[in-house]
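Be aware that the sequence shown starts at 245, since it is given in full-length UniProt numbering, and climbs by one per residue. Ideal placement from N, C-alpha and C gives every residue a C-beta, glycine not left out. Below you'll find the structure, written out as structure tokens, and then a few comments.
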Amino acid sequence: EHRTAVAAISGPGRTSDGRPVALLANIGSARDLAAADGAEGVGLFRTELLFLDRSREPELAEQAEAYREVFAALAGRRVVIRTLDAGADKPLPFLHQADEPNPALGVRGLRLVRQRPELLRTQLAAIARAAEQTGAEVWVMAPMVATRAEAAEFADAVHAAGLPKAGVMVEVPAAALRAGQLLEVVDFLSIGTNDLSQYTFAADRQSGLLAELLDPWQPALLRLIAEVGTAGRAAGKPVGVCGEAAADPLLAPVLVGLGMTSLSMSGRALGPVRAALAARSSADCARLARLALDADDAQRARKAVA
Ligand code: PEP
Ligand code: MG
């Protein structure tokens with residue numbers, strides 16, 4: 245059933261002059277694949293679902309089976325799987341984490357598994373086992389990375405598990421500012437705009453009162469995305485966006501103009517984003533990116549591009 249849904253592909257995303265932009269789906273389990281009709285693959289497979297509501301960590305075999313189900317449905321396509329992103333807005337009871345006064349600034353994402361390396365080792369072994377049994381092109385990335393040293397350590401762990409492609413998410417401004425250094429040690433970057441907004445504007449991503457600061461059209465956020473795009477181009481490596489920002493059809497050409505080579509979003513956003521890119525040339529995208537970057541605020545950026 246999942247296989248049928250994903251097989252109905254409508255070709256790669258392209259600008260009107262033929263520049264390819266991979267259009268990928270965000271999923272939380274194999275169930276979401278049905279809505280990913282038209283995606284070239286998966287750009288963010290969030291693995292937290294498997295770990296929720298547990299009194300113990302799921303065992304290697306159970307994890308491998310859950311990953312295999314997704315990989316099998318995507319044979320021949322890219323699947324970017326994200327290692328456990330626990331802590332902060334995604335607490336897991338079995339971890340018995342110490343209370344933190346500022347969980348969003350605390351031991352979360354990669355920071356957590358660095359303190360408990362066996363969690364990461366087991367997950368990577370499960371991913372490797374599942375990848376071996378299927379024909380999907382499996383890329384592995386870590387959440388909440390801040391430095392090149394963290395990225396290098398993660399890439400080593402991925403390679404030690406026998407998995408060839410390691411990347412990291414750019415969710416912390418420090419990582420965006422040093423994207424070039426990160427790309428010295430990983431194969432790709434994926435920008436999580438939900439968290440990157442939160443940390444750039446010091447604004448809780450769950451606060452409705454701060455929505456204006458969390459607007460993905462904020463020129464300061466776009467500036468950080470541009471840093472990543474420039475570094476990606478220089479390194480000749482893929483850099484994409486997998487946060488909510490990628491689902492806005494008006495913003496998509498701007499993101500491509502800033503140097504993004506892939507956009508990953510919920511299944512239902514794929515059609516409108518594909519159409520928006522097909523209507524713009526690479527030069528249009530670059531011009532729109534300039535307009536948005538130079539705007540005084542988010543509203544003016546949106547208006548200038550519209
Ligand atoms: C993000 O932060 O933008 C992201 C894609 O990850 P999550 O929403 O799962 O934190
Ligand atoms: Mg995130």
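- prompt: Taking any heavy atom of the ligand PEP as the mark, which residues have a C-beta closer than 6 Å to it, listed down the chain?
  reply: Leu288, Arg290, Asp329, Glu415, Gly436, Thr437, Asn438, Asp439, Cys486 and Gly487
message: One question on the structure: do Leu468 and Leu427 come within less than 9 Å of each other, judged by their Cβ atoms?
response: no
- prompt: Within this structure, are the beta carbons of Ala395 and Val429 separated by less than 9 Å?
  reply: Yes, Cβ-Cβ distance for Ala395 and Val429 is below 9 Å.
task: Could you tell me if the beta carbon of Met504 falls within a distance shorter than 8 Å of some heavy atom in the ligand MG?
output: no
field: Same chain, Cβ closer than 6 Å to Ile253, neighbours up to 5 away in sequence not counted
entry: Below a pLDDT of 50, predicted positions are generally treated as unreliable, and Ile253, at 43, falls in that range; the measurement from the model is reported next regardless. Nothing listed; no residue qualifies.
task: Name the two residues that bound the continuous beta strand (DSSP E) containing Arg290.
output: Gly285 to Arg290
- request: Check whether the Cβ atoms of Ala490 and Ser508 lie closer than 9 Å to each other.
  value: Yes, these two residues count as a Cβ contact at 9 Å.
query: Opposite Trp461 in the DSSP bridges: which residues?
result: In the DSSP output, where bridge partners are listed per residue, Trp461 has none listed.
- request: Indicate whether Ala370 and Leu277 have their beta-carbon atoms separated by less than 9 Å.
  value: no
- prompt: Is the closest heavy atom of the ligand MG to the C-beta of Pro387 under 8 Å?
  reply: yes
- request: State the CB to CB distance for the pair Leu318 and Ala380, rounded to an integer number of angstroms; the pair is presumed to be in contact (CB under 8 Å).
  value: 5 Å
Option in Pro337, Arg263 and Asn270 with minimal Cα separation from Ala513: Asn270
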